[in-house]
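My numbering applies: residue 13 is where the sequence shown begins, and numbers increase by one. Just below is one structure, and these are the notes that go with it.
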Amino acid sequence: MQYRVFIALALLSLAKAAPSDPAPTVAVGVPLPESDKNHLCKFLKSFEETRMELFGVIMGINMVFISQAEQNFPNEFADYLNNRIREKNTSLSLWQRKFGVDREQMKLILQNDTVAQQWAKDHVFESHYLEMHLSLFTAIHAISQRTVDAANRMKSSLSEATVASEHEFFDKFNQYSNSGHFGLNALTDLVSTLESKFKNKIQCSKEVD
13 MQYRVFIALA LLSLAKAAPS DPAPTVAVGV PLPESDKNHL CKFLKSFEET
63 RMELFGVIMG INMVFISQAE QNFPNEFADY LNNRIREKNT SLSLWQRKFG
113 VDREQMKLIL QNDTVAQQWA KDHVFESHYL EMHLSLFTAI HAISQRTVDA
163 ANRMKSSLSE ATVASEHEFF DKFNQYSNSG HFGLNALTDL VSTLESKFKN
213 KIQCSKEVD
């Protein structure tokens, strides 16, 4: 069935943004104390779990949405799949292609309960599709925050010398945290960048406990 396209998009989102084995960047670092090296390597290895969690979130929320769509608004769902999903109108914004209105219009709609309820009534599929995206954003934001918190805890366990010598590692986390962009691509780009550069630089073994 055509709903498989949603599953494919979920898989492609993860595959595109988070390669499972990024090509290492050649970098030579100062030898670190073994304890600090272990902390850093364990944290880098935890990115594998982060990817799996993201995969589960994307797949799970998509599957719940598909199930609800087939049960609660099958006609609107079928109409969207048969017509709108194939639209390639590049003159429209991403929000217009997904929800029929641009981002600023959506903000205005959601500011008024009466208007929002009427919009949801008139745009059954789009309103549920928006709820799905909000659920994805909330879940990915939570994973992002946990990753940042874990980085801060790991940093506090390192020696001052290691924190200073590996400041670029933590600078990237600070930039990410301060950017306010906690979407899927921002997180997976950060994960892949850190893995590519620092696993090789720190010389992490594949058998990190």
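Idealized CB from N, CA, C, for every residue including glycine.
Rounded C-alpha distance that separates LEU52 from MET166
For the pair LEU52 and MET166, the Cα-to-Cα distance works out to about 7 Å.
VAL38 - DSSP class collapsed to helix/strand/coil:
Low confidence applies to VAL38: its pLDDT is 45, below 50, so where it sits in the model is not reliable, and the reading given next is rough at best. Three-state result, VAL38: coil.
What residue from ASN186, ILE73, THR150 has the CA that sits closest to ASN164's CA?
Its Cα nearest to that of ASN164, the residue ASN186 stands out among ASN186, ILE73, THR150.
Residue from ILE155, TYR188, LYS209 with nearest C-alpha to MET63:
The displayed chain sequence assigns Arg, not Met, to residue 63. In terms of Cα proximity to ARG63, the closest of ILE155, TYR188, LYS209 is ILE155.
Among LEU196, HIS179, ALA173, GLU178, the one whose alpha carbon lies nearest that of ILE152
Taking only the C-alpha atoms, the option nearest ILE152 is LEU196.
Identify the continuous alpha helix (DSSP H) that holds GLY68 and give its terminal residues.
Run containing GLY68: 59-84, per the alpha helix (DSSP H) assignment.
Contact defined as beta carbons within less than 8 Å: I believe GLN80 pairs with HIS140. What is the distance between those atoms, to the nearest angstrom?
With a Cβ gap of about 7 Å, GLN80 and HIS140 count as contacting.
Beta carbon of LEU148, beta carbon of ILE70: below 8 Å?
At the C-beta level, LEU148 and ILE70 come within 8 Å of one another.
How would you call TYR207, buried or exposed, if buried means at least 16 neighbouring beta carbons within 10 angstroms?
Reading off the sequence, residue 207 comes out as Glu, not Tyr. Buried.
At 4 residues or longer, what runs of the alpha helix (DSSP H) sit wholly inside the segment 129-210?
Those alpha helix (DSSP H) runs which fall completely within the segment 129-210 and span 4+ residues are 136-168, 172-177, 179-191.
Rounded straight-line distance, which links the Cα of GLY112 to that of ASN101:
Cα to Cα, ASN101 sits roughly 12 Å from GLY112.
Please state whether DSSP places CYS53 in a helix, a strand or coil.
Here CYS53 sits in helix by DSSP.
Quick check on ASN101: does DSSP put it in helix, strand or coil?
Secondary structure of ASN101 (DSSP, three-state): coil.
So which of GLU61, ILE214, ARG115 has the shortest CA-CA distance to LYS177?
Per the sequence shown, residue 177 should be read as Ser rather than Lys. The shortest Cα separation from SER177 among GLU61, ILE214, ARG115 belongs to ILE214.
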